[in-house]
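Numbering (my numbering), first residue to last: 478 to 913.
What follows is the structure, encoded as structure tokens:
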């Protein structure tokens, strides 16, 4: 049985070349689906083949909206049309691979009413109000998911990185024109937008002139996508800038043509016509200067809108940080009053410590005496002493010898011991000898 990749290559080559017509017709005949009751294994194998082939065809054709008639035309090779496709579609519908477009619109009736009403009118115009089984449209859901991811990649590469910060707002027509290599029909494009809206990646709004505007989800924002008046203003400013750019381009081409005609008139000698052409050129140059000023003012307004958005994000970050800081202080019981009280206690403790240090450092000195009392007492002692006799001035000075102690009677100058003291000494001497 062919692999999914082989089936994809087979369909792509068969679509591009007629040399595969015969081989593909034989494959169609071999993979004709019969009742599962006849041969369950063969039935499942053929269903798997057609499931992969339909998925590959949707990717190659860039269209996930299919019908039985569309598949017959898509797989027709020469006059060979594969049979039993209705059985395959019924099986895929039961398995959830396909969903009828009518059922999809019922589930998404509250989203993008303008697009689905447009789809309904298109279907009625093409097939009438009463749809036959062959004309009923189905949505290939796996292809829708693949295309949705591709559209988001396209947005990230070409639109998200706008310098002015307003890349999330894109005109419906602009985005559809950029997605032509991914989506083939507007019907398929609307279904993909519905799927992206269901995922929360995009929302569709309306401008002041009724034009549809896409608002993509901002990766820096955690909330849902919302379309505001500011987004509509961004779209209107861009549309005005685009109009001014086209007018400037037209004027530049006009100036080039006037310059060529003016030179040709000068060469032919028609100075009057050359002067008129030169005046027209000057007016066109002035118009370009004026429109360039208009463009710059519009660009400034667009940049201010983008800056406002960034400023709001910064302000929200400040608010969140302040709230978190206050919550942290409250959780730890920190308040300005408590901090002031604690710091006062710390200051008092430091003062007490300094007083203790000063007290410990004071030296201990003896009791001081009054110097005046000492002087007075000294004077009293001096006054009580008897003065020495002074000799007469005429008589010779007589040397005064102080009194001396009595001369000892013993020759050595020691005191003589009495009898009792002598006996005591002898007894002590005997005790010492006996001890030895």
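In this text, a Cβ means the ideal position worked out from N, Cα and C, and glycines have one as well.
Considering only residues of the region 695-780, which uninterrupted alpha helix (DSSP H) runs meet the minimum length of 4 residues and lie entirely inside it, listed in chain order?
-> 706-745
Where residue 852 falls, given that 16 or more other Cβ within 10 Å makes a residue buried | Burial call: exposed.
Alpha helix (DSSP H) segment containing residue 670, residue limits | It spans 663-676 - the alpha helix (DSSP H) in which residue 670 sits, taken as one unbroken run.
For residue 823, count neighbouring C-beta atoms within 10 Å of its own C-beta (all shown protein chains included) and say buried if the count is 16 or more, exposed if not.
-> That one is exposed.
With 16 as the cutoff for other CB atoms within 10 Å, does residue 603 come out buried or exposed?
-> The pLDDT assigned to residue 603 is 42, lower than 50, so where the model puts this residue is not dependable; a value taken from the coordinates is nonetheless given after this. So residue 603 counts as exposed.
Taking 7 angstroms as the cut-off, decide whether the C-beta atoms of residue 711 and residue 819 are in contact.
-> Going by C-beta atoms, residue 711 is not nearer than 7 angstroms to residue 819.
Range of the contiguous beta strand (DSSP E) that encloses residue 558 | From DSSP, residue 558 is part of no beta strand (DSSP E); its letter is neither H nor E.
In angstroms with no decimal places, state the Cα-to-Cα distance between residue 709 and residue 693.
-> 13 angstroms
Per DSSP, what kind of secondary structure is residue 839 in: helix, strand or coil?
-> coil
Under three-state DSSP, which class holds residue 637?
-> coil
With a Cβ-Cβ cutoff of 7 angstroms, do residue 561 and residue 614 count as a contact?
-> No, Cβ-Cβ distance for residue 561 and residue 614 is not below 7 angstroms.
In whole angstroms, what is the alpha-carbon distance linking residue 904 and residue 910?
-> Counting only the Cα atoms, residue 910 lies some 10 angstroms from residue 904.
Would you call the CB atoms of residue 727 and residue 691 closer than 7 angstroms?
-> no
Quick one: using the 10 Å Cβ neighbour count with 16 as the cut-off for buried, is residue 791 buried or exposed?
-> exposed
Beta-bridge pairing of residue 649 - partner residues as DSSP gives them = According to DSSP, residue 649 bridges with nothing at all.
Per DSSP, the bridge partner or partners of residue 552 = For residue 552, which the question treats as bridged, DSSP gives no partner whatsoever.
Pick helix, strand or coil for residue 585, following the three-state DSSP scheme.
-> coil
How many Å lie between residue 612 and residue 546 at the Cα?
-> 6 angstroms
How many angstroms separate the CA atom of residue 565 from the CA atom of residue 669?
-> 24 angstroms
Could you pull the start and end residues of the alpha helix (DSSP H) that residue 851 belongs to?
-> 848-861
Quick one: Cα of residue 765 to Cα of residue 627, how far?
-> 40 angstroms
At a cut of 8 angstroms, does the region 615-635 reach the region 523-542 through at least three beta carbon pairs?
-> yes
Three-state secondary structure (DSSP) of residue 520 = helix
Compare the beta carbon distance of residue 681 and residue 673 with 7 angstroms and say whether it is the shorter of the two.
-> no
Reference residue 552; option with closest CA among 530, 541, 767 and 540 = 530
Report all residues from its chain with a CB closer than 6 angstroms to the CB of residue 704; omit the five preceding and five following residues, and keep chain order.
-> Result list for residue 704: 680, 682 and 692, in chain order.
Got a sec? Which residues, its chain only, sit under 8 angstroms from residue 718 by beta carbon, not counting five neighbours each side?
-> 772, 775, 776 and 779
Locate the beta strand (DSSP E) running through residue 617, then write down its first and last residues.
-> 614-617
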